[in-house]
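Enquirer:
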DNA sequence: TTGCATACTTAAGATTCTTATGTATATTTG
DNA sequence: CAAATATACATAAGAATCTTAAGTATGCAA
């Protein structure tokens, strides 16, 4: 198993819930493993969600009422599908808007909008 | 002391060093308290660096060789100025580039580039 | 039949932040 | 001028969130 270049210093920290919720906004329902693969695919392996981060986060989102689960058996193997609740749909918008605002602030703070950064 | 709306869920997490280093890139040298005020001003209080986060981070950056200090006395009060080392200047570029890349990835992942998000 | 992919769970440890406490000087304001 | 606020640093305890690791088990391909 190879290691690919990922973001250091925990940039992902704090965005994991937002990513998961937003995926479910577009996909209706997904199961855990599917989420990790989708994120890996969409980001060209720049973001890889580890299982140790994913499953506790899914459980937390369910506990706080943003997700509900549907268990299904694929052969003998359990698969837990997650989907947004109505509350979850609101939470997604809040989270995404907040993140959009945050990166605007950061772009300004780090001078990322001005041209000729690397001259 | 009033509480103003800040970013929840630790979005700032992982970006603090980047913010500090980038400020010092433009300002030559700054002291801790000055940094907190500058960030508060530049972000309209959207980002407030607490002392408990700031000082340990400054110490860590010094320890890892990105910053050096100059103590000065203003009257009887100590003030520690921080400035970038040569290594620190490299680190800033790396950190900022990484963060710029990260928000590009996130903008794509969260669909922030497509118009009519909030219609 | 061995290894890899799929699929979920949880515990231990690391990192990074918040909150709280402590110390001390300087300035503003009633 | 006394009290409150601002300046200025430090650090410890606790919370949140992630990584790493270990465990369990099925399905498939070489």
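Chains as they are written, first to last, in the working numbering: chain A, 1 to 119; chain B, 1 to 119.
All residues carry an ideal CB built from backbone N, CA and C; glycine is no exception.
(1) Looking at chain B, is there any beta carbon in it that lies within less than 8 angstroms of the beta carbon of residue 22/A?
(2) Can you check whether the C-beta of residue 109/A is within less than 8 angstroms of a C-beta belonging to chain B?
(3) Compute the Euclidean distance between the alpha carbons of residue 28/A and residue 95/B, then round it to the nearest angstrom.
(4) Once you ignore the five residues that flank residue 52/B on each side, which residues in its own chain have a CB closer than 7 angstroms to its CB?
(5) Is it the case that the Cβ atoms of residue 20/B and residue 105/A are separated by a distance below 8 angstroms?
(6) Give me the residue from 99/A, 107/A and 35/A with the minimum Cα distance to residue 191/A.
(7) Cβ closer than 8 angstroms: which chain B residues qualify as neighbours of residue 13/A?
(8) Between the Cα of residue 26/B and the Cα atoms of 16/B, 63/B and 38/B, which residue gives the shortest distance?
(9) Once you ignore the five residues that flank residue 11/B on each side, which residues in its own chain have a CB closer than 7 angstroms to its CB?
(10) Would you mind sorting residue 65/A into buried or exposed? The rule is 16 or more other CB atoms within 10 Å of its CB.
(11) Could one say the Cβ of residue 100/A lies closer than 8 angstroms to chain B's Cβ atoms, at least one of them?
(12) Per the DSSP calculation, residue 106/B is bridged to which residue(s)?
(13) Which residues bound the beta strand (DSSP E) around residue 7/B?
(14) Can you list the beta strand (DSSP E) stretches of 3 or more residues lying completely in the stretch 45-117 of chain A, in chain order?
(15) Can you tell me whether residue 97/B is buried or exposed, with buried defined as 16 or more other CB within 10 angstroms of its CB?
(16) Residue 17/B to residue 107/A, Cα distance in whole Å?
(17) On the premise that residue 7/B lies in contact with residue 102/A, defined as a C-beta separation below 8 angstroms, what is that separation, rounded to the nearest angstrom?
(18) Take residue 125/A and list the residues in its own chain whose beta-carbon comes closer than 7 angstroms to its own, dropping the five residues that flank it on each side.
(19) For residue 47/A, go through chain B and note every residue whose CB falls closer than 9 angstroms to its CB, in chain order.
(20) Please classify residue 121/A as buried or exposed, where buried requires at least 16 other C-beta atoms within 10 Å of its C-beta.
(21) Can you grab the Cα-Cα spacing for the pair residue 85/A / residue 22/A, in whole Å?
(22) Within a Cβ cutoff of 6 angstroms, which residues of the same chain sit near residue 40/B, ignoring the five residues on either side of it in sequence?
Expert: Short version:
(1) Residue-level contact check: residue 22/A touches chain B, since one or more beta carbons of chain B fall below 8 angstroms from its beta carbon.
(2) It does; some Cβ of chain B falls within 8 angstroms.
(3) Between residue 28/A and residue 95/B, the C-alpha separation is close to 36 angstroms.
(4) Shown here for residue 52/B: not one same chain residue has a beta carbon closer than 7 angstroms to its own, the five before and five after excluded.
(5) It is not a contact, given that the beta carbons lie outside the stated cut-off.
(6) Since the displayed chain A opens at 1 and closes at 119, residue 191/A lies outside it and no answer follows.
(7) Residue 13/A reaches chain B at 10, 13 and 14, counting residues in chain order whose Cβ is nearer than 8 angstroms.
(8) That would be 38/B, whose Cα lies nearest to the Cα of residue 26/B.
(9) Cβ neighbours of residue 11/B beyond the five flanking positions: none.
(10) Exposed, since its Cβ has fewer than 16 Cβ neighbours within 10 Å.
(11) Yes, contact with chain B.
(12) Partner(s): none; residue 106/B has no beta bridge.
(13) Neither: residue 7/B is in no beta strand (DSSP E) and is coded neither H nor E.
(14) Unbroken beta strand (DSSP E) stretches of 3 residues or longer found wholly inside the stretch 45-117 of chain A: 67-74 and 77-84, given in chain order.
(15) Answer is exposed; the Cβ neighbour count stays below 16.
(16) Cα to Cα, the separation comes out at about 15 angstroms.
(17) The beta-carbon distance between residue 102/A and residue 7/B, rounded to whole angstroms, is 5 angstroms. This is short enough to meet the 8 angstroms contact definition.
(18) An answer regarding residue 125/A cannot be provided, because it is not within the stretch 1 to 119 covered by chain A.
(19) Per Cβ cutoff of 9 angstroms: 102, 105, 106 and 109.
(20) Nothing about residue 121/A can be read from this structure; chain A reaches only from 1 to 119.
(21) Residue 85/A and residue 22/A: Cα-Cα distance of roughly 13 angstroms.
(22) Excluding the 5 residues flanking it on each side, residue 40/B has same chain C-beta neighbours closer than 6 angstroms at 48, in chain order.
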